Amino acid sequence: MNQVVQEAKRAAQELDPVICSCFKVKASTIRMAINTGGAASCEEVRELTDASSGCGACACRVERLLAGFPAQCGPCALCPACGHISKLCQCQCA
Ligand code: FES
2 MNQVVQEAKR
12 AAQELDPVIC
22 SCFKVKASTI
32 RMAINTGGAA
42 SCEEVRELTD
52 ASSGCGACAC
62 RVERLLAGFP
72 AQCGPCALCP
82 ACGHISKLCQ
92 CQCA
């Protein structure tokens with residue numbers, strides 16, 4: 002893939018990261034569930050978006066968004082290129 006396209010894709014993903022890799026739910030979708038849909042808990046976000054209804058690994062990121070913090074937290078951060086948990090990522094994008 003062209004390097005410019007990769008950089009643009011990475012920048013876009015950093016602005017609106019995938020929060021739930023199981024269901025490909027982005028931060029903007031969860032923020033919409035909170036701000037427009039009135040979701041006030043992880044369960045309500047789950048009902049509206051499916052985020053955290055699979056493996057559950059993204060629940061801490063959903064909770065961070067509910068608390069008004071950025072989604073990315075250290076050990077749970079997702080790779081901006083492939084969306085998998087960074088510690089397990091093998092896409093060599095970084
Ligand atoms: S990463 Fe969200 S349910 Fe698995």
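Everything in the sequence shown is counted per the working numbering, starting at 2 for the first residue and increasing by one.
For each residue, glycine too, the CB sits at the ideal point set by N, CA and C.
Predicted, not measured: the structure shown is a model, and the values here were computed from it.
Checklist line | Length-filtered (4 minimum) alpha helix (DSSP H) runs lying within the region 22-67 | finding: Counting only runs of 4 or more, we get 28-36, 43-50, 60-67.
Next item on the list: Tell me whether Phe-70 counts as near the ligand FES, meaning its Cβ is closer than 7 Å to at least one heavy atom of that ligand.
Entry: Using a cutoff of 7 Å, the CB of Phe-70 does not count as near the ligand FES, since none of the ligand's heavy atoms is closer than that.
Item checked: Cys-21 Cβ short of 7 Å to the ligand FES heavy atom set -> Cys-21: yes, Cβ under 7 Å from the ligand FES.
Checklist line | Assigned exposure category for Leu-89 - 16 Cβ within 10 Å defines buried | finding: Around the beta-carbon of Leu-89, fewer than 16 other beta-carbon atoms lie within 10 Å, marking it exposed.
Check: At a cut-off of 7 Å, is Ser-53 close to the ligand FES when judged by its beta-carbon and the heavy atoms of the ligand?
Finding: Inclusion of Ser-53 in the 7 Å shell around the ligand FES follows from its C-beta lying nearer than that to a non-hydrogen atom of the ligand.
Check: How big is the Cα-Cα spacing for Ala-41 and Leu-67?
Finding: One C-alpha to the other measures close to 7 Å.
Next item on the list: Within the same chain, show all residues whose beta-carbon is closer than 8 Å to that of Ile-35, passing over the 5 residues directly before and after it, in chain order.
Entry: Around Ile-35: Ala-41, Val-46, Leu-66, Leu-67.
Next item on the list: State the start and end residues of the unbroken alpha helix (DSSP H) segment that holds Lys-88.
Entry: Going by DSSP, Lys-88 is part of no alpha helix (DSSP H) at all; its letter is neither H nor E.
Note to self: Less than 8 Å between the beta carbons of Cys-80 and Ala-52, yes or no?
What the structure shows: Contact flag unset, no.
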